[in-house]
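Taken in order, the sequence shown gives residues 1 to 909; the numbers are from the UniProt record's numbering. C-beta: ideal position from N, C-alpha, C; glycine also. The structure displayed is predicted, hence computed values, not measured ones.
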Amino acid sequence: AIITHPSQKPHFRFSSLETSALLLVFSARASPSDEQARYFHTTMEESGGFSGPAGTHTPSGAGTIKRIRLENFMCHSNLQIELGPRVNFITGQNGSGKSAILTAICVAFGSRAKGTQRASTLKDFIKTGCSHATVEVVIKNEGHDAFKHDIYGNSIILERRINQTGGSMTLKDHRGRKVAGRKDDLQELIDHFNIDVENPCVVMSQDKSREFLHSGNKKDKFKFFFKATLLQQVNDTLQRNTEGLRSVSAAVEEDEASIKPVEKELAELQRKISNMEHLEEISQEVEVLTKKLAWAWVYDVDKQKQEHIAMMEKLKQRVPACQKKIDEELAKMESLEEKSSKKKGQIARLMDKTLEVKSKQQEFKDSISMATKEKVELQEKRKRATKQIDDKEKQVKELERQIEEINDQHLRNTQAENSEMEEKVKELKRAIDDANDSFLRLENEERGTTDYVDKIQGEISEIAKQIADNERKEKNHRSAINDLQKNRKNKVTAFGGDRVLRLLRAIENHRHQFKRPPIGPIGANIALANADRWALAVEYALGKLFNAFIVTNHSDSLLLKKCAREANYGDLKIYIYDFERPRLNIPSDKLPTTHHPTVLSVIQSSYDTVLNVLIDLGNAERQVLVKDYDTAKEVAFGQRTRNVHEVYTSDGYKMFCRESVETVLPPSKWLRANRLCGSFDDQISDHEQQVHVLAKETEHLRRKKWDSEGTLRSLGETLRLAKKKRSDAERKVASMELELQDLERSIDNASMSLPTSTLDELREEISRIEEDIKHKQDTLETLEVGIEKAEEKVTALKMSFQSLCDSAKQDFETLEDAETELMKIETDRKSAETQKAYYERIMATKVLVDIESAKEKHSKLEDERKVNFQMSYYHITLRSPKLVFLSEQPSNVLALIFLVFNSIIFLFA
């Protein structure tokens with residue numbers, strides 16, 4: 001960020017460097033630590049850059065910041081920086097307080113806390129555990145552009161103190177004595193030096209630069225240019241002056257219009273003066289009219305009384321109507337409050353139900369894992385039983401061979417009587433043996449050829465699989481290269497593609513409607529301390545959260561969904577989280593008891609809300625990262641490691657233990673570690689090298705496959721000839737065996753009885769083994785049934801799990817609809833409450849006030865009538881001699897009343 005302090009007449013000639021600046025430079029690779037930032041500064045004279053020509057006028061430097069001191073401000077306990085006269089560089093690791101210095105300067109020059117986009121109130125800038133904070137800025141005040149040099153001297157000290165209840169500002173001279181403390185004095189200083197911290201050319205913060213870079217709207221860029229070049233300020237001043245001129249013109253016209261009645265009245269007075277000579281005649285006429293007017297007043301007052309009485313009655317009739325409106329709105333409010341209470345109860349029940357559904361989902365997952373494990377164990381038992389049956393059958397064959405040998409031996413013992421037939425049998429057996437040897441040789445040749453053919457076919461199939469696998473890998477690498485190239489242009493596209501850019505533009509268009517701007521995508525707001533080492537593991541652990549956005553309340557969530565629909569972003573994940581909540585402090589006894597890092601320890605973010613969401617929703621503090629596979633198994637399944645939720649290896653293996661079930665998941669082929677990589681160019685180069693290697697390997701495999709297919713074609717003809725020879729030898733052996741059987745039958749007819757004891761023992765052994773085989777086969781069938789039941793159980797559990805998910809989806813949609821209806825009910829209730837307050841205000845300020853006013857006026861009319869009646873009596877009695885005479889004689893009172901009555905009738909007529 002660059003902070004400039006132009007003087008009252010700013011210069012923009014870079015050859016002589018007429019503006020002084022503070023430049024903050026920091027590395028995006030730096031990881032957070034507790035040590036303070038390293039600060040250094042250098043002037044452009046020392047670096048030899050931007051030097052002006054000889055004799056160039058050097059500015060006075062008034063309005064340049066010389067020194068900054070921070071006490072208990074944000075992360076700084078006590079920091080003081082002496083700045084050079086021209087360009088200053090401040091570097092440090094992330095979180096070391098570089099931006100805090102920029103924020104302190106803005107606060108010192110009167111910026112509001114929200115204007116800095118770092119806090120909502122000034123007290124949030126106070127360091128944790130402290131009661132106050134101080135920002136002191138020393139400004140150079142020398143030369144012809146100095147501000148009240150006779151009062152402040154060569155420097156002005158601007159001190160801003162912040163406490164829990166507010167803050168104060170003090171302007172001091174170069175000796176540290178207080179000169180002023182009002183906001184107007186600070187504004188006068190700012191106007192003199194033309195320091196506008198709201199101007200992005202004076203102060204360019206991280207948020208403003210990010211907002212400018214991410215904005216693709218030309219209108220927004222023009223607004224930025226309009227404000228940066230002070231044209232906005234000039235335009236505002238021009239509008240204010242135009243409005244002032246209009247108001248002055250209107251006042252002049254109003255004064256001219258008010259003069260005309262006065263002139264007219266003056267002319268009227270002059271006319272009356274000219275007629276004063278007729279005063280005697282007019283006075284006599286007035287006397288007569290006064291007598292008439294006295295009773296006319298009484299009549300007029302009576303008429304006004306009747307009108308006010310009617311008006312009072314009319315006003316009193318408005319009271320029930322207004323009260324009825326109030327009662328209707330009150331009843332409506334009560335009805336809506338009842339609906340709101342019921343809807344809240346429904347939402348609470350739905351929340352409980354959804355929590356129960358999530359618990360059931362986890363139980364189903366565990367049951368499926370247990371059933372799968374049981375199925376695998378049954379399959380192992382079946383394999384062992386099958387092997388045992390095979391061994392028993394081999395024993396039966398061996399015993400049968402022994403019986404055959406005994407029979408052969410007995411035959412040899414009886415050959416003395418039939419030597420010629422025996423010799424013939426021997427010759428025939430030798431011929432059969434020779435034929436069998438020939439047959440076996442041919443069969444072995446055929447089997448060898450077949451095995452070789454199968455081997456070649458297996459090799460071809462394996463080569464085809466390798467080619468397909470290489471093509472898939474090459475496609476994945478090329479896709480990764482395209483993603484990295486997009487991410488290199490704009491990192492945000494890694495977390496949603498082009499649609500997230502459309503969504504960000506929609507959010508920008510509705511920015512002022514949000515209570516707090518949404519944060520997202522989450523993945524674009526985090527960085528890794530060692531991106532190349534743990535990128536794959538972190539992606540596996542938290543990748544499902546990276547495309548999501550965070551909002552501060554439900555209304556912002558609905559507005560963000562509207563923006564997503566505008567951007568055609570259908571499956572956007574939104575998490576609601578309180579942005580005001582500070583970063584979570586996890587106790588040490590809740591962390592994994594291992595020296596290996598956790599996901600939380602290797603990620604960084606400038607938003608505490610992002611880290612809180614990863615902790616609450618992703619268990620980032622309990623996900624352990626281990627380099628090799630064996631060590632990871634010890635950490636995941638060992639008894640000494642506590643508070644471990646999941647373990648991830650650097651090559652993407654995931655391990656976890658739920659109750660007594662130990663699970664190891666291999667790396668997913670859909671993992672995209674390049675979204676969090678440290679260097680896009682290195683990653684692109686690695687992927688391109690992999691593509692080149694895979695292409696060469698694929699070409700070599702294709703040539704090898706072509707050679708193997710040629711060999712397979714030649715072996716097919718050889719195998720056909722071998723099968724023909726083997727078939728001929730087999731027929732020859734069968735013919736000779738038939739001949740041998742005939743000879744043996746003829747010998748059997750003359751043979752003696754065979755020894756039965758040994759044969760019976762062997763047959764009993766065979767029977768016992770066959771019974772054992774049968775028992776094993778029954779056990780095998782039982783295992784087959786168990787395997788089928790296990791498969792059915794797994795299938796049923798999966799179907800139940802899917803059914804539960806489908807039903808839960810309806811519950812979640814119902815919950816969202818209920819929340820929307822609750823918001824509508826609350827809106828209607830507030831509207832009814834507003835209407836009720838409106839009618840109550842009408843009742844209090846209009847109806848009742850008008851009735852009281854009418855009563856007061858009626859009382860005044862009564863008093864006025866009495867006065868007018870007395871005056872009329874005075875004019876009639878005291879100024880009429882006849883009436884005077886009558887009034888002096890008490891006996892003529894009736895005559896006087898009669899005369900007054902006639903006079904009233906006369907006047908009314």
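Residues in its own chain within less than 8 Å of residue i by CB, not counting five upstream and five downstream?
{"i": "Thr116", "result": "Thr103, Cys106, Val107, Ser205"}
{"i": "Gly176", "result": "Ile157"}
{"i": "Glu709", "result": "Ile460"}
{"i": "Val794", "result": "Ile368, Ala371, Thr372, Lys375"}
{"i": "Leu715", "result": "Thr449, Tyr452, Val453, Ile456"}
{"i": "Lys515", "result": "Thr552, Asn553, Ser555, Asp556"}
Using a Cβ-Cβ cutoff of less than 7 Å, which residues in the same chain neighbour residue i once the five nearest sequence positions on both sides are dropped?
{"i": "Lys857", "result": "His308"}
{"i": "Ser601", "result": "none"}
{"i": "Ala257", "result": "none"}
Locate the alpha helix (DSSP H) running through residue i, then write down its first and last residues.
{"i": "Gly244", "result": "231–274"}
{"i": "Ala211", "result": "For clarity, residue 211 is Glu in the given sequence; the question names Ala instead. Note, Glu211: alpha helix (DSSP H), 206–214."}
{"i": "Ala228", "result": "218–228"}
{"i": "Tyr629", "result": "629–637"}
{"i": "Thr609", "result": "608–618"}
{"i": "Phe193", "result": "183–193"}
How many whole angstroms separate the CB atoms of residue i and residue j, which I take to be in contact at a CB cut-off of 8 Å?
{"i": "Val610", "j": "Ile507", "result": "That pair is no contact at about 16 Å."}
{"i": "Leu542", "j": "Trp534", "result": "That pair is no contact at about 11 Å."}
{"i": "Leu545", "j": "Gly618", "result": "6 Å"}
{"i": "Pro587", "j": "Asp608", "result": "Actually they are not in contact, since the Cβ atoms of Pro587 and Asp608 sit about 18 Å apart, beyond 8 Å."}
{"i": "Tyr575", "j": "Ile550", "result": "5 Å"}
Do residue i and residue j have their CB atoms nearer than 8 Å?
{"i": "Pro667", "j": "Asp651", "result": "yes"}
{"i": "Asp173", "j": "Gly153", "result": "yes"}
{"i": "Thr121", "j": "Arg161", "result": "no"}
{"i": "Lys381", "j": "Leu783", "result": "yes"}
{"i": "Lys342", "j": "Asp811", "result": "no"}
{"i": "Gly63", "j": "Phe226", "result": "no"}
{"i": "Lys66", "j": "Leu83", "result": "yes"}
{"i": "Tyr648", "j": "Leu625", "result": "yes"}
{"i": "Arg726", "j": "Glu400", "result": "no"}
{"i": "Glu739", "j": "Leu440", "result": "no"}
Among the options, whose alpha-carbon lies nearest the alpha-carbon of residue i?
{"i": "Arg642", "options": "Gln284, Leu238, Thr593, Arg565", "result": "Thr593"}
{"i": "Glu211", "options": "Phe224, Arg499, Asp352", "result": "Phe224"}
{"i": "Ile406", "options": "Lys392, Arg829, Glu761, Gly570", "result": "Glu761"}
{"i": "Leu861", "options": "Gly458, Gln395, Asp302", "result": "Asp302"}
{"i": "residue 971", "options": "Phe495, Ala548, Gly497, Asp220", "result": "The chain is shown only over 1 to 909; residue 971 falls outside these bounds and no answer can be derived."}
{"i": "Val376", "options": "Ile787, Asn88, Glu826", "result": "Ile787"}
{"i": "Leu378", "options": "Asp185, Lys836, Val785", "result": "Val785"}
{"i": "Gln395", "options": "Ile769, Phe656, Ala837", "result": "Ile769"}
{"i": "Lys325", "options": "Asp850, Leu848, Met843, Ala854", "result": "Met843"}
{"i": "Thr827", "options": "Asp728, Lys114, Glu337, Leu289", "result": "Glu337"}
{"i": "Glu765", "options": "His645, Gly345, Glu621, Ile403", "result": "Ile403"}
{"i": "Glu819", "options": "Asp742, Ala348, Val733, Glu334", "result": "Ala348"}
{"i": "Ser729", "options": "Ser438, Ala567, His595", "result": "Sequence inspection shows Ala at residue 729; the Ser mentioned does not correspond to that position. Of the listed residues, the one whose Cα sits closest to Ala729 is Ser438."}
{"i": "Ala620", "options": "Lys776, Glu539, Lys561, Thr834", "result": "Glu539"}
{"i": "Ala494", "options": "His477, Asn509, Pro521, Arg478", "result": "Pro521"}
{"i": "Ala832", "options": "Gln93, Gly61, Ser335, Ser249", "result": "Ser335"}
So, at 6 Å on beta carbons, what are the nonlocal neighbours of residue i in its own chain, with the 5 sequence-adjacent residues on each side left out?
{"i": "Glu45", "result": "With a pLDDT of only 37 at Glu45, under 50, the local geometry of the prediction cannot be trusted, and no value is derived from it."}
{"i": "Asp628", "result": "none"}
{"i": "Lys208", "result": "Pro200"}
{"i": "Lys148", "result": "none"}
{"i": "Phe40", "result": "Residue confidence for Phe40 is low, a pLDDT of 37 falling below 50, so the modelled location carries little weight; the figure read from the coordinates is stated next. Same-chain partners within the cutoff: there are none."}
So residue i is in the beta strand (DSSP E); what residue range does that whole segment cover?
{"i": "Asn88", "result": "87–90"}
{"i": "Lys140", "result": "132–140"}
{"i": "Tyr648", "result": "646–649"}
{"i": "Ile171", "result": "Contrary to the premise, residue 171 reads as Leu rather than Ile in this sequence. Residues 166–172."}
{"i": "Asn163", "result": "155–163"}
{"i": "His512", "result": "Segment: none, His512 is in no beta strand (DSSP E) and carries neither H nor E."}
{"i": "His278", "result": "Note, His278: premise wrong, no beta strand (DSSP E); not H, not E."}
{"i": "Cys563", "result": "Counting along the chain, Cys563 falls outside any beta strand (DSSP E), though it belongs to the alpha helix (DSSP H) covering 554–566."}
{"i": "Phe549", "result": "549–551"}
Cβ-heavy atom distance between residue i and the ligand GDP below 7 Å?
{"i": "Lys123", "result": "Among the components modelled here there is no ligand, and therefore nothing to report on the ligand GDP."}
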